[in-house]
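In numbering that gives the first Met the number 0, the protein residues as written are 0 to 96. The beta carbon of each residue, even a glycine, is placed where N, CA and C say it ideally should be. The next block holds one structure in the form of structure tokens; read it before the comments.
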Amino acid sequence: MYAAIRQGKAKTGMAEELARRIKEGAIPIISDVEGFMAYYVVYAPDDTVTAISIFNNHAGAEESNRRGLAWIEQELAPLMIGPATAVAGPVIVHTLA
0 MYAAIRQGKA
10 KTGMAEELAR
20 RIKEGAIPII
30 SDVEGFMAYY
40 VVYAPDDTVT
50 AISIFNNHAG
60 AEESNRRGLA
70 WIEQELAPLM
80 IGPATAVAGP
90 VIVHTLA
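Spelled out as structure tokens, the structure:
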């Protein structure tokens, strides 16, 4: 299992608009990547936005970051403070309820 994580800082008060845009735009793009398993977005109290995608292969995680960063730059830039960052790698510990 591999995770792709993209993170950025949103302008204050953008949670609802970010959620709407992500549901309409990012989810179809990320979920179409081969090996896709799951997608989560966390909006922290300090306006940090973290998207976590789970894949069954490293290539899928890397591709989702490539697509995700391009989409963020095109669609979310007006709502963000600065560029997003991305990392991908193997999940070394996990558990489910």
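Buried versus exposed, by CB contacts within 10 Å (16 or more), residue i
| i | result |
| --- | --- |
| VAL48 | buried |
| ARG19 | exposed |
Residue i - containing beta strand (DSSP E), residue span
| i | result |
| --- | --- |
| ILE29 | It is not in any beta strand (DSSP E) - ILE29 instead sits in the alpha helix (DSSP H) that spans 26-30. |
Residue j beta carbon less than 8 Å from that of residue i
| i | j | result |
| --- | --- | --- |
| LEU78 | ALA9 | yes |
| GLY7 | ILE71 | yes |
| ALA2 | VAL90 | yes |
For residue i, three-class secondary structure by DSSP
| i | result |
| --- | --- |
| ALA3 | strand |
| PRO82 | strand |
| ALA43 | coil |
In DSSP terms, what residue i is bridged to
| i | result |
| --- | --- |
| VAL92 | DSSP lists no partner for VAL92. |
| THR49 | GLN6, VAL41 |
| ALA87 | ALA3 |
Residue interval of the alpha helix (DSSP H) (run including residue i)
| i | result |
| --- | --- |
| ILE71 | 57-74 |
| GLU23 | Where GLU23 is concerned, there is no enclosing alpha helix (DSSP H), given that its DSSP letter is neither H nor E. |
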